[in-house]
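Read the structure below first, then the notes.
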Amino acid sequence: MTLELQKPRPIWQIMFSTHHTDVGLLYLITSLTFLFLGGSLALGIRAELFLPGSQIIADSMTFNRIFTVHGTTLIFLFIIPFASAVGNYYVPIMVRYKDMAYPKLNAIAFWMIPPAGVLIWLGFADFTWYATPPYSIISAPGPAADMWIFGLKILGVSSVLGALNFVVTILKCKHPDMSIGQIPLLAWSFLSTSLIIIVAIPTFAAALLMLLTDRLGVSGFFNPALGGDPIAYAHLFWFTFHPEVYVLVIPAIGMMYEIIPRFSRKPIYSYNSGVFAFVMLSIVGFSSWAHHMYATGMSFTEKTVFMVGTLAAVPASAMHVFNFIATMWNGRIKFSTPMMWAVGGIALFFSAGAGGVVNSAMPLDFTTHDTYWVVGHFHLFVMGTIAFGSIGYLYYMFPYVTGRMYNETLGKIHFVMAFIGTVLVFFTQHVLGLYGMPRRIYDYPPIPEWIAMNQIATVGAMIIGISMAIFLANMIYSAGKGKPADTDDPFGLGGKYYYPFEAKNPSH
Amino acid sequence: MSGHSNWPEWIYVAVVIALMAWVGAEAWETERLIEHVPEDAKIIIVTGQQWFWTFEHEDGTKEIGELHVEVGKAYKFEVVSKDVNHSFNIHDYVVLMDAIPGRVNTVWFAPDKVGEHDIQCREYCGLIHYNMRGTLYVTEPSS
């Protein structure tokens, strides 16, 4: 793995390779590209909302397209491919196999992502990442909407292929001397995630096809004018995408399980409870999808069932937090950059979960639903937990991928700024939601509280933006010209012992 | 387990489960009370369409973008939509119900103070979603 960038090869050799670290590198670069693209859109949204009235975006349709593509990009083209990058690099090594189980399938799964990204970005649809019918059927302008549907279709197939590959690699290709109870928690996180994907994604794949034929006018599954029901789409969508939340968050927690014990110089407090919590989350993740739909006119019984299903996920998530804190307890902690990101991510994971309990309680949900509270809540997961875990892991992998060390000071500045920015943006948005500001609005009336909170959030977003520019500069400069890393102990923890998985495949 | 005693984790998990059970029970009880519509509630039909709200009172009078109600009386909204999904929201009174074409959803409230409140749409509905707003006027009883 250190070899790719130290001994330069023609780019086509990496592009047409099926080797897991090459595919991992492709996933990594693609996902980071989309991170910066999607992040710039977020800065545009925040700049527009700095004051009431039109600021930098000319009309509401452009604004609607921007937040749609922002969400779609960061979920499907940053978070999921980034996890695949980490999985590609590490899972085969952790189960002691020479490659992924199906290398060609692996490359195919990757190569479906760029065309899907191009479709989504060239189309620039406006119907939100949820593509809600009947708006998406009768009102959303084509061909943007159709391009979005095809893009998502391709991404769905890609993630199912990737998930099958991880499941087979972990269950069938692990070294015969290893039992399933010996594979690291990061590999367990990929096993749980992949199983969720295989169960959940086909439902949305079906819904997308139905949406497409509805748009073409040949069916009316979700079109009330033809006897269909938009709520059916909501059920199909959330049956996939509530479990998908766990697909996004579980690998990030797995990455934290790699970082925190190393930098605390202690074994994990309880491996078994980590495994148990992963398995629990991937099961109970399927019992809560309709908590997104309390306000659609559900009966009291339905709401109660899904509230209980949602609250059931809390103990398992809390077990991870406990496990992290107990691992750090009395450890000789070294706060290098990856550790700072992981610990910051845990703090924000806890905050996000606490806010989620409020959403799930039926009467309170009617205050928070579809307001900025929800925006703040899920961004604490996707940004505060998942992106923090991922970026921390990227810093951790960096010496192994490039053979060079990033600039530690800049890494810490990146963390501090991003953490402050995240708190400013997303904690403030919770409060803004309690003041009643709806999501997905281009302009708002000049209510003093709304203006103040929006301005704080915009300042926070700009701080994150600057920190990400520092990050980009650090990565690019250090990959080419950074200090050569001591790959035995790049973080100075005190020996090779702390790095059981160097990401160099011993089979190559 | 990895050789050490794990009782702190079990206690912690038990506390979390107890806390969640309490949240769930409180929420269940509150929601049960909230969903009980008073029998004398007056019906107002709320129609959402791109991009304004129409209100039809029991006596047949219609209002667009404005809703006049009297303090101290209970009102039951029947929320419907003519085109795409909307969400009828009076944030100050925690009134929130989706307007979905082909369905009639109900929600009720009883204003307790004279005043003006914002009405807005809280579900994305397209171009002018951001300005699909109205005003609720709570007035003294006329008789």
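First to last, the sequence lines map onto chains A and L. For what it's worth, the working numbering labels the leading residue of the first sequence as 3, then goes sequentially. For what it's worth, the working numbering labels the leading residue of the second sequence as 3, then goes sequentially. We put the CB at the ideal spot given by N, CA and C, even for glycine.
With distance defined between alpha-carbon atoms, name the residue in A/G73, A/P145, A/V425 nearest to A/L43.
A/G73
When burial is assigned at 16 or more other CB atoms within 10 Å of the CB, is A/D490 buried or exposed?
With a 10 Å radius around the Cβ and a threshold of 16 neighbouring Cβ atoms, A/D490 comes out exposed.
Which same chain residues end up closer than 6 Å to A/K485 when comparing Cβ atoms and leaving out the 5 residues on each side of it in sequence?
M407
Would you call the segment 383-401 of chain A and the segment 320-337 of chain A in contact, with 3 or more CB pairs under 8 Å?
no
Interface flag, A/M321 vs chain L, CB-CB below 8 Å
yes
Within 10 angstroms of the Cβ of A/P448, are there 16 or more other Cβ atoms? Answer buried if so, exposed if not.
exposed
Span of the alpha helix (DSSP H) around A/D367
364-370
In or out: A/P226 buried (at least 16 other Cβ within 10 Å) or exposed?
Flag for A/P226 reads buried.
How far does the beta strand (DSSP E) with L/T137 in it reach, from first residue to last?
Segment 135-141, the beta strand (DSSP E) holding L/T137.
To the nearest angstrom, report how far apart A/H21 and A/P105 are at their CA atoms.
6 Å
Going by alpha carbons, who is nearest to A/A236 out of A/A292, A/P186, A/P245?
A/A292
Taking 8 Å as the cut-off, decide whether the C-beta atoms of A/F428 and A/G386 are in contact.
Their beta carbons are under 8 Å apart, which means A/F428 touches A/G386 by this criterion.
May I have the straight-line CA-CA distance separating A/F493 from A/H381, to the nearest angstrom?
Within the model, the alpha-carbon separation for A/F493 versus A/H381 is close to 30 Å.
If distances are taken between C-alpha atoms only, which option among A/A475, A/G378, A/T306, A/D488 comes closest to L/W30?
A/T306
Assuming A/H417 contacts A/G346 (C-beta within less than 8 Å), just tell me the rounded distance between them.
Per the sequence shown, residue 417 of chain A should be read as Phe rather than His. A/F417 to A/G346, Cβ: 6 Å. Contact.
Where do the N-terminal and C-terminal ends of the beta strand (DSSP E) with L/L69 fall, by residue?
68-72
Is the Cβ of L/S4 closer than 8 Å to any Cβ of chain A?
Its pLDDT being 48, under 50, L/S4 is placed unreliably by the model, and the measurement read from it follows with that caveat. Interface residue, yes.
Am I right that L/I149 and L/E72 are in contact with their C-beta atoms under 8 Å? What's the rounded C-beta distance?
There is simply no residue 149 of chain L to check, as chain L begins at 3 and stops at 145 in what is shown.
Residues in the same chain with beta-carbon distance under 8 Å from A/P10, minus the five sequence neighbours each way, listed in chain order, please.
Excluding five sequence positions before and after A/P10, none of the CB atoms of its chain fall closer than 8 Å to its own CB.
Look up L/C123 in the DSSP assignment and give the residues it is bridged to.
L/F90
First and last residue of the alpha helix (DSSP H) that includes A/A109?
105-113
Is A/R67 closer than 8 Å to A/A165 when the C-beta atoms are compared?
no
Taking C-beta pairs closer than 8 Å, name the residues in chain A that L/Q122 reaches, listed in chain order.
G438, P440
Residues that L/P103 contacts on chain A, provided the C-beta gap is smaller than 8 Å:
P136, P226, A227, P232
Could you compute how far the alpha carbon of A/Y259 sits from the alpha carbon of A/A109?
Distance between the alpha carbons of A/Y259 and A/A109 is about 27 Å.
In the DSSP assignment, find the alpha helix (DSSP H) that holds L/K78 and state where it starts and stops.
Run containing L/K78: none in the alpha helix (DSSP H); it sits in the beta strand (DSSP E), 77-83.
Quick check on the DSSP output: what are the complete alpha helix (DSSP H) runs of length 4 or more inside the segment 227-278 of chain A, in order along the chain?
232-266
Between which two residues does the beta strand (DSSP E) harbouring L/D100 extend?
97-101
Comparing C-alpha positions only, which one of A/F351, A/V310, A/L313 sits nearest to A/I327?
A/F351
Hey, does A/D445 have any beta-carbon neighbour from chain L nearer than 8 Å?
Yes, contact with chain L.
Own chain residues within Cβ distance below 6 Å of A/G158, not counting five before or after:
I203, A207
Of all the options L/K84, L/P143, L/H131, which has the alpha carbon lying nearest to the alpha carbon of L/V116?
L/P143
Along the beta strand (DSSP E) that carries L/F57, what are the first and last residues, could you check?
54-58
Is A/N332 helix, strand or coil when you go by DSSP?
In the structure shown, A/N332 adopts coil according to DSSP, grouped into three states.
Of all the CB atoms in chain L, is at least one closer than 8 Å to the CB of A/G299?
yes
Nearest-angstrom Cβ-Cβ length linking L/I26 and A/V310, presumed shorter than 8 Å:
As written in the sequence, residue 26 of chain L is Gly, which differs from the Ile given in the question. Indeed, because the Cβ distance is near 6 Å, the residues count as touching under 8 Å.
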